[in-house]
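Numbers given in the numbering used here equal positions in the sequence shown, counted from 1, plus 251. Here the structure comes first, spelled out in structure tokens, and everything after it is commentary.
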Amino acid sequence: LASAAASMLNGFAVLMLRMAFANMADKKPVERFRKKNAAWVEDYALFMAIKAKMNGRPWTQWEEGLRLREPAALKAWREELAGDIAYHVFTQYLFFQQWKDLKKYANKKVRFRIKKSLFFASTVILTKIQKKSEPFVLIV
């Protein structure tokens with residue numbers, strides 16, 4: 252039952268992401284992200300698009316041209332899955348935007364202090380959660 256619920260939730264999330272991608276008015280930020288991260292995001296997005304097309308099968312079970320990364324096979328799949336590849340670039344763009352926002356928030360709200368113990372050879376980690384409005388403090 253838990254697996255079925257997780258699968259349904261994941262399917263809903265993918266549907267919402269697909270709708271957001273299809274209805275995105277300004278694609279320029281995603282294209283800038285794509286150019287800036289082309290060294291890795293193109294291969295990642297191609298891999299994810301092919302994996303979806305192959306119904307999740309491991310890459311070791313894909314056709315030989317793909318497994319061996321033959322240029323002609325990769326080019327054919329890039330052309331066939333151009334829309335899906337763009338979608339996977341979009342999801343990475345969203346992830347990095349959210350990660351950047353989380354990091355910005357954490358930098359404002361979380362402080363780390365190092366406290367060396369004179370009596371213990373190992374590090375003692377103490378956490379102190381202050382009022383919600385105050386930063387979380389981790390003492391190491």
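For each residue, glycine too, the CB sits at the ideal point set by N, CA and C.
Residue environment: Y356 is assigned as exposed (fewer than 16 neighbouring CB atoms within 10 Å of its CB, all protein chains considered). Taking the Cα of L317 as reference, the smallest distance to any Cα among E330, F298, M259 is reached at F298. Taking 7 Å as the cut-off, the Cβ atoms of F347 and F272 do not count as close.
Taking a contact to require three or more Cβ pairs closer than 8 Å, the segment 276-291 and the segment 328-342 qualify as touching. The straight-line gap separating the alpha-carbon atoms of F263 and K360 is approximately 32 Å. Judged by their CB atoms, L332 and A300 are nearer to each other than the 7 Å cut-off.
Rounded to the nearest angstrom, the gap between the Cα atoms of A256 and Y344 is 27 Å. Measuring C-alpha to C-alpha distances from L325 to each of D294, D352, R285 identifies D294 as the nearest. For secondary structure counted as the alpha helix (DSSP H) over 4 or more consecutive residues, the segment 296-349 holds these complete runs in sequence order: 315-318, 322-331. Looking at the backbone, the Cα of R308 and that of L319 are separated by about 16 Å.
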